Every structure is written in C-alpha cells, then in structure tokens.
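Q:
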Amino acid sequence: GDSVTQMEGPVTLSEEAFLTINCTYTATGYPSLFWYVQYPGEGLQLLLKATKADDKGSNKGFEATYRKETTSFHLEKGSVQVSDSAVYFCALSEDDSWGKLQFGAGTQVVVTP
Amino acid sequence: EPEVTQTPSHQVTQMGQEVILRCVPISNHLYFYWYRQILGQKVEFLVSFYNNEISEKSEIFDDQFSVERPDGSNFTLKIRSTKLEDSAMYFCASRIQGTGYTFGSGTRLTVV
C-alpha cells in the first residue's frame with residue numbers, strides 16, 4: 130500500500146540555519162504530495178503541495194520539489210526563524226475522488242535563537 | 134478566511150462511556166473527514182464522508198465508531214464505548230474536489 134517515510138526528529142537548528150527534512154513515498158499511481166505543519170497546540174495547516182512530477186511547491190520561504198525518479202518530496206528552507214519551530218508532516222493523496230491523506234510520522238523542528 | 138470548527142477542544146471521559154465529537158465544516162465543502170493522532174504518533178485516517186454516506190473507512194474505524202451529518206451543517210464522530218486507547222487528538226477536515234483540506238484545530242480526547 131501507499132506509505133510515506135520522513136526523517137525522524139527532533140531536528141534542532143540555530144536561527145538562520147538551512148533546514149532540510151527528507152520525505153520519500155511509495156505509491157501505486159501518481160499521487161499529490163503535501164507538507165503540513167502543526168504549531169504547538171494547533172491543528173494541521175497546509176504548508177505547500179505539488180500535484181505532478183517536477184512541480185515545486187513553495188510557501189513562507191519553504192520549498193519542495195516532486196521528484197518522481199527518486200520518489201521524494203524533501204522540504205527545504207534557506208534561513209529558519211524561531212517561529213518555524215513546529216512539527217512538519219509529509220503526506221500524499223492517491224485518490225483525488227475521496228482525497229484520503231496518508232501521513233508520514235512527522236518531524237519536530239526546534240529552532241533556537 | 135473560512136474555518137472548520139471543532140468542539141470541544143478538550144474532552145475527558147470515563148472508559149466505557151459514549152462520546153460525540155462535533156465539527157462544523159466549511160459551508161460549501163462536500164467531502165468530510167476524521168483523522169486522529171495518538172500522542173507522539175502519526176496522523177491516521179479514520180473515515181471519509183460524501184453525499185451523506187461513508188465513502189471510505191480505515192481498519193481503526195470499527196463498529197464502535199460512527200459518523201453523522203445530522204442537520205446539513207454539523208459533522209459528528211461518535212465513539213460508543215470508549216477505550217483507553219481511544220485517547221488521541223481527533224481532527225475534522227473538509228474539502229471540495231480539486232482543492233486541499235481545511236483541518237479543524239482538533240479535539241483532544243482523554244479516556245480515563
């Protein structure tokens with residue numbers, strides 16, 4: 130079945146450091162890929178998405194490129210802020226009719242001043 | 134910006150009791166979902182709902198669980214006889230086709 134694997138956390142960084150969170154997936158078809166963010170005490174918010182190969186999603190300085198050849202969707206940000214401290218979830222949706230999301234385990238990111 | 138509203142934000146219930154978690158999806162959305170997140174674990178799909186019926190459910194969604202859209206605005210998740218392992222954050226979400234999800238902020242269910 131479909132699955133999403135992402136790097137384990139926590140990832141601890143200093144402010145202005147470069148952030149990469151690896152995400153790889155297995156899917157039978159051509160899924161849409163997503164990054165969701167969960168700030169402390171809050172729900173899930175869509176950070177960015179890509180719906181086909183080579184698409185790049187971007188938002189708030191974060192980027193991820195849909196790489197079909199490596200089945201990856203790594204999240205990157207060039208210069209993190211303390212406010213980026215959160216849990217980041219990679220997810221895929223195989224069936225656009227019903228849109229069920231399959232999530233990775235989540236990666237906690239802690240940014241220190 | 135439209136929101137998905139979940140109530141209550143935190144519910145404590147005794148093992149064996151019935152609990153109903155409530156959600157108000159965005160008004161023009163047609164697809165509704167419940168997900169849960171046990172503390173420290175991944176977010177898991179429970180059920181999807183469209184056109185007043187369940188369209189898909191996971192293995193977690195057994196006979197103890199049910200969903201209902203009683204009045205065209207609310208979308209509820211009922212757990213008939215709660216177990217300790219039902220303790221989790223439950224997220225409601227809604228969408229229209231071709232768009233992404235909007236998640237609610239969740240209900241933290243604690244079964245004691």
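Line order of the protein sequences matches chains U and F.
Counting the first sequence from 1 gives a position; our numbering is that position plus 129.
Counting the second sequence from 1 gives a position; our numbering is that position plus 133.
C-beta atoms are modelled at their ideal positions from N, C-alpha and C, and glycine is treated no differently.
All figures in this text were calculated on a predicted structure; none of them were measured in a lab.
1) Closest to residue 173(U) by C-alpha separation, out of 239(F), 204(F), 243(F) and 245(F), would be which residue?
2) Among residues of its own chain, excluding the 5 on either side of residue 138(U), which ones have a beta-carbon nearer than 7 Å to its beta-carbon?
3) Within the 8 Å Cβ cut-off, does residue 192(U) reach chain F?
4) Would you say residue 233(U) reaches chain F, if we count a Cβ-Cβ gap shorter than 8 Å as a contact?
5) Contact between the region 155-167 of chain U and the region 197-210 of chain F: three or more CB pairs below 8 Å?
6) Give, in chain order, every unbroken run of the beta strand (DSSP E) that is at least 3 residues long and sits entirely within the region 138-209 of chain U.
7) Please report whether the beta-carbon of residue 202(F) lies at a distance below 8 Å from any beta-carbon of chain U.
8) For the beta strand (DSSP E) containing residue 186(F), list its first residue and its last residue.
9) Less than 8 Å between CB atoms is the rule here; does residue 164(F) satisfy it with respect to chain U?
10) Could you spell out where the beta strand (DSSP E) holding residue 194(F) opens and where it closes?
11) Opposite residue 221(F) in the DSSP bridges: which residues?
12) May I have the straight-line CA-CA distance separating residue 153(U) from residue 202(U), to the nearest angstrom?
13) Near residue 185(F), what residues of its chain come up, given a Cβ to Cβ distance below 7 Å and the 5 sequence neighbours on each side ignored?
14) On the DSSP letters alone, give me the boundaries of the beta strand (DSSP E) that residue 175(F) sits inside.
15) Could you give the DSSP three-state label for residue 160(F): helix, strand or coil?
16) Verify whether the separation of the beta carbon atoms of residue 170(F) and residue 221(F) is less than 8 Å.
A: Short version:
1) Position 44 of the first sequence, counted from the first residue, corresponds to residue 173(U). That would be 239(F), whose Cα lies nearest to the Cα of residue 173(U).
2) Taking the first residue of the first sequence as 1, we reach residue 138(U) at position 9. Cβ neighbours of residue 138(U) beyond the five flanking positions: 236, 237 and 238.
3) Here residue 192(U) corresponds to residue number 63 of the first sequence, with the count starting at 1. No, residue 192(U) does not count as interfacial toward chain F.
4) On the first sequence, residue 233(U) is found 104 positions in, with the first residue counted as 1. So, interface residue.
5) Touching, no.
6) With a minimum length of 3 residues, the continuous beta strand (DSSP E) runs that stay inside the region 138-209 of chain U are 140-143, 148-150, 152-155, 161-167, 173-179, 185-188, 191-194 and 204-206.
7) Position 69 of the second sequence, counting from 1, holds the residue named residue 202(F). Answer no: the Cβ-Cβ gap between residue 202(F) and chain U never drops below 8 Å.
8) Reading the second sequence from its first residue, position 53 is the one you call residue 186(F). Per DSSP, residue 186(F) belongs to the beta strand (DSSP E) from 186-190.
9) Looking up residue 164(F) in the second sequence gives position 31. Yes, its Cβ sits closer than 8 Å to a Cβ of chain U.
10) Stepping through the second sequence from its first residue, residue 194(F) is reached at position 61. Where residue 194(F) is concerned, there is no enclosing beta strand (DSSP E), given that its DSSP letter is neither H nor E.
11) Stepping through the second sequence from its first residue, residue 221(F) is reached at position 88. DSSP lists 242(F) as partners of residue 221(F).
12) By one-based count along the first sequence, residue 153(U) stands at place 24. By one-based count along the first sequence, residue 202(U) stands at place 73. Rounded to whole angstroms, residue 153(U) and residue 202(U) show a C-alpha spacing of 6 Å.
13) Stepping through the second sequence from its first residue, residue 185(F) is reached at position 52. Its chain contains 202 as the residues whose beta carbon lies nearer than 7 Å to that of residue 185(F), once the 5 sequence neighbours on both sides are disregarded; these appear in chain order.
14) Within the second sequence, the letter at position 42 stands for residue 175(F). Note, residue 175(F): premise wrong, no beta strand (DSSP E); not H, not E.
15) Your numbering for residue 160(F) matches position 27 in the second sequence. Correct three-state label for residue 160(F): coil.
16) Residue mapping note: residue 170(F) aligns to position 37 of the second sequence, counting from 1. Residue mapping note: residue 221(F) aligns to position 88 of the second sequence, counting from 1. Yes, Cβ-Cβ distance for residue 170(F) and residue 221(F) is below 8 Å.
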